[in-house]
Amino acid sequence: MRQQQEQQQRRHRQQQQQQQSPPPHLRRIFVQRLDVATVAPFNTSADKPKIAKTLFPGPIPWYSTKMLHWSLIVSFLGLLTAALGAYCGWFLFPTMVDKKVEESVIIADGSEQYKRFVQLPQPLTFKVYIFNVTNAHKIQHGALPIVEEIGPYVYRQYRRKKVKHFSRDGSKISYVQDQHFEFDEEASAPYTQSDHIVVLNMHMNSVLTIAENDPGLSLLLVHLNANLKAVFNDPKSMFLDTTVREFLFDGVRFCINTNGIAKAICNQIKEGGSKTIRELSDGSLAFSFFNHKNGTGNEVYEVHTGKGDAQRVLEIQKLDDSHNLQVWLNGAEGETSMCNQINGTDASSYPPFRKRGDSMYIFSADICRSVELFYQSDIQYQGIPGFRYSIGENFINDIGPEHDNECFCVDKLANVIKRKNGCLYAGALDLTTCLDAPVILTLPHMLGASNEYTKMIRGLRPDAKKHQTFVDVQHLTGTPLQGGKRVQFNMFLKSINRISITENLTTVLMPAIWVEEGIQLNSEMVAFFKKKLINSLKTLNIIHWASICGGVGVAAICLIYYVIQRRKPEAEVAPLK
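full-length UniProt numbering numbers the first residue of the sequence shown as 1 and each following residue consecutively.
Here you go:
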C-alpha cells in the first residue's frame with residue numbers, strides 16, 4: 001500500500017514538472033539562448049527570473065500601440081496634403097494665374113501693357129519675294145510666262161500707335177498706326193535693293209484694265225493707245241526693267257513732263273485715288289508697292305482695352321468710326337454682309353485664354369477683310385508652350401454662292417478667267433474694290449489655287465510649309481510667339497481692245513510678288529516671358545504634383561505599416577509564477 005502511494009506521489013510530481021516546462025518551440029529558443037543541449041525544467045522559483053530575461057531580452061521590435069496610432073495620424077495628414085495639392089493645382093492656382101493674366105493684358109493708361117500696346121517690344125519681319133520674269137519678249141507674242149522667285153528682301157517693320165483717346169468707361173481706345181520700314185542687309189544677303197528685276201508693269205496694266213472695265217472711261221482707251229509713250233515712258237512691252245528699291249518703296253516714275261491729252265490722262269490717274277500711286281514734288285507720278293505703308297496711316301482704329309472682358313482685348317470695334325466696311329457686296333435689303341464685318345484683332349496680339357479646337361479672327365486692312373484662323377496643334381517655341389493656328393479653306397478657296405459668301409464675288413473684271421457666275425475660281429480673290437486697282441489675291445505660288453490659273457504659269461513651286469499662313473500663340477496670354485501672314489499679289493494680263501501693245505497677249509493670272517509679315521519672339525523677349533510667366537507656372541506645377549505624390553506616398557507607407565503590424569501574430573506567454 002505504501003509503495004502504491006509513493007508511486008502516485010512520484011507521478012503527480014512528474015505531471016507538475018511537465019506543466020511547468022516550456023513548450024517544445026520555446027525549448028529550442030532556450031537551447032539557442034543558453035547554449036545547452038537540453039532545457040532543464042522549472043525546478044525552483046530562483047530559476048524563473050533567469051528564464052524570463054532569456055525569453056524577453058528587451059521590448060518587442062516593430063510593434064507598439066502608440067506607433068500604430070501615429071501611423072494612422074501621419075497617413076491622414078498625407079492624404080490631407082495630397083487633397084490640398086489637388087485643390088491648389090486644379091482650382092486655386094489656375095484661378096490665381098487667370099486673374100494675374102487678366103490684370104496684365106488689360107490696356108490701362110500708364111500700365112506696362114499700355115506701353116507694349118503703343119510700341120511693339122520688337123519689330124516685325126517683313127519679307128518680300130519677287131517673281132522675276134525670264135521670257136518677257138516671248139510673252140508679248142503669246143507665250144506663257146516663265147517666272148523665278150528671287151528673295152527674300154527682308155525689312156524690319158517698326159510699329160507705333162498714336163493714341164487719340166480712351167472712351168469714358170475705359171473699355172475702348174482709339175489710335176492711328178505709324179509704320180516704318182528699314183532694309184535688313186544682313187538678313188537679305190546676298191540680295192540687295194539695287195538688284196535689277198523684270199516684272200509686270202503694274203501701274204500701266206492697272207490703268208488699262210480699269211479703263212476697259214469702266215464704261216465711262218471707254219473713250220480714254222483710244223487716247224491712251226496714242227499717248228502710251230508719253231504717259232508711261234515709251235514702254236516696249238507690258239513688263240518693266242527696274243530695281244527692287246524703286247518697285248517696292250521709292251517708286252517707278254511716269255507721267256513725266258506731260259502735255260495736252262497725256263497730261264489730262266495723268267490727272268485722271270491721279271484722281272483715281274490708288275494707294276500705290278502718289279504725286280511727286282515735280283508733278284510726276286510714281287508707282288510703288290509699299291510706300292503708302294511707310295509712315296503714319298490714315299485709318300483710325302478703335303479697339304477694346306479688355307476692361308470688363310479680358311477675352312475681347314484688342315478686338316477691333318470700329319474702323320474710321322464705322323463698325324463695318326463698305327468694300328464688298330451687301331445683302332439685297334442693304335443689310336451688312338459677312339464680308340463687310342470687322343472681326344478680330346490686327347494680329348499684333350490675340351485674346352488670352354485660348355482653348356484647343358477654337359478659332360479666332362484677325363483683320364487685315366491690306367486686303368480689306370477679316371480672316372478666321374483655326375486651331376491646328378500644340379507647339380513649343382523655345383520652351384514656351386502654345387497653340388498653332390492656320391487659315392482654313394474659307395479664306396479664298398471656298399468662295400461663291402455655294403459657300404454663302406458670294407459677297408466676295410465683286411465681278412469687276414471683264415474677259416478674265418472666272419466662273420460663269422462672276423466669281424473667280426478657287427484660290428483667288430478680287431481686291432479691285434479694296435485697293436482701287438485690279439489686284440488679285442492668292443496664297444504664295446498660288447498654293448491651293450485652281451488649275452485654271454496654275455496651268456498658265458511656269459516656275460511656280462507651291463509648298464504648304466513655306467506658303468501657308470500660320471501663327472503660334474501662347475494660349476494663356478494671347479502673345480504671338482512666331483508666325484506669318486503670307487499672301488501673293490497678282491494681276492490678270494490679257495489683250496485689251498484698242499491697246500496695240502496688248503494685242504498678242506494670252507490671258508493669264510500673272511504673279512508679281514508675295515510677302516510674309518510675321519514675327520519670331522527674340523531671345524530677350526523669350527527670357528522676359530519665361531521669367532514673368534513660364535517659370536512661375538513650372539513652380540506652381542511642381543508644388544501641385546509634389547504635394548499630391550508626396551502626400552499619397554507618405555499615406556501609403558503608413559497604411560501599409562499599420563496593416564502589416566495588425567496582421568502580425570502576437571506571442572501568448574503564460575505569466576510566470
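We put the CB at the ideal spot given by N, CA and C, even for glycine.
Taking only runs of the alpha helix (DSSP H) that begin and end inside the stretch 151 to 202, which ones reach a length of at least 4 residues, in chain order? 185 to 188
Is PRO57 buried or exposed, if buried means 16 or more other CB atoms sit within 10 Å of its CB? With a pLDDT of 45 at PRO57, under the threshold of 50, the modelled position of that residue is not reliable, and the figure given next carries that caveat. Classification of PRO57: exposed, given that the 10 Å Cβ count is below 16.
Looking only at its chain, what residues have a beta carbon closer than 7 Å to the beta carbon of residue 578, apart from the 5 residues adjacent to it on each side? Residue 578 lies beyond the range of the chain shown here (1 to 577); nothing can be said about it.
Which residues does DSSP list as the beta-bridge partners of HIS304? LYS172
Which partner residues of GLN380 appear in the DSSP bridge assignment? PRO385
Out of ASP378, ALA527, CYS368, point me to the one whose CA is closest to HIS475's CA. ASP378
Contact between the stretch 504 to 521 and the stretch 436 to 452 (3+ Cβ pairs under 8 Å): yes
Residue nearest to SER274 in terms of C-alpha spacing, selected from PHE117, ASN213, VAL207: VAL207
From the DSSP output, in three-state form, read off LYS352 for me. A quick correction: the sequence has Pro, not Lys, at residue 352. Looking at PRO352 - three-state DSSP - the assignment turns out to be coil, as it is neither helix nor strand.
Once you ignore the five residues that flank VAL252 on each side, which residues in its own chain have a CB closer than 6 Å to its CB? THR242, GLU246, PHE287
Coil, strand or helix - TRP328 by DSSP: coil
Quick check: the Cα distance between VAL74 and CYS558, rounded to an integer number of angstroms? 7 Å
Is the distance from the Cβ of CYS407 to the Cβ of SER337 below 9 Å? yes
Please classify CYS409 as buried or exposed, where buried requires at least 16 other C-beta atoms within 10 Å of its C-beta. buried
Option nearest ASP250 by Cα separation, candidates GLU279, GLU524, ASN405: GLU279
Hey, how far is the Cα of LEU248 from the Cα of PHE183? 11 Å
Could you give the distance in angstroms between the alpha-carbon of ARG567 and the alpha-carbon of ASN541? 39 Å
Under a three-way DSSP split, which group does LEU124 fall into? strand
Element boundaries [beta strand (DSSP E), containing VAL473]: 470 to 474
Contact set for LEU84: own chain, Cβ-Cβ below 7 Å, skip 5 residues either direction: SER547
Residue from ILE210, VAL118, SER349, LYS229 whose Cα sits closest to the Cα of ILE269: ILE210
Would you identify the three-state DSSP class for LEU224, choosing helix, strand or coil? helix
Coarse secondary structure for THR276, derived from DSSP in three states: coil
Report, in whole angstroms, the separation of the C-beta atoms of GLU517 and PHE126, which I expect to be a contact under 8 Å. 5 Å
Contact between the stretch 362 to 371 and the stretch 399 to 406 is defined here as three or more beta-carbon pairs at a separation below 8 Å; is this criterion met? no
Using only alpha-carbon positions, find the residue among LEU413, GLY308, ALA437 that is nearest to GLU271. ALA437
Are there 16 or more other CB atoms within 10 angstroms of the CB of ILE560, so buried, or fewer, so exposed? exposed
DSSP three-state assignment for LEU493, whether helix, strand or coil: strand
Within 10 angstroms of its Cβ, does LEU460 collect 16 or more other Cβ (buried), or is it exposed? buried
As a quick exercise: from ASN132, ALA262, ARG356, GLU212, pick the residue whose alpha carbon is nearest that of VAL473. ARG356
Is DSSP giving ASP250 helix, strand or coil here? helix
Can you tell me whether GLU212 is buried or exposed, with buried defined as 16 or more other CB within 10 angstroms of its CB? buried
As assigned by DSSP and simplified to three states, the class of ASP98: helix
For the stretch 489 to 504 and the stretch 295 to 310, state whether three or more C-beta atom pairs, one from each stretch, are separated by less than 8 Å. no
For a test of the three-state rule: what should DSSP assign to ALA83, helix, strand or coil? helix
Using three-state DSSP, classify GLN140 as helix, strand or coil. coil
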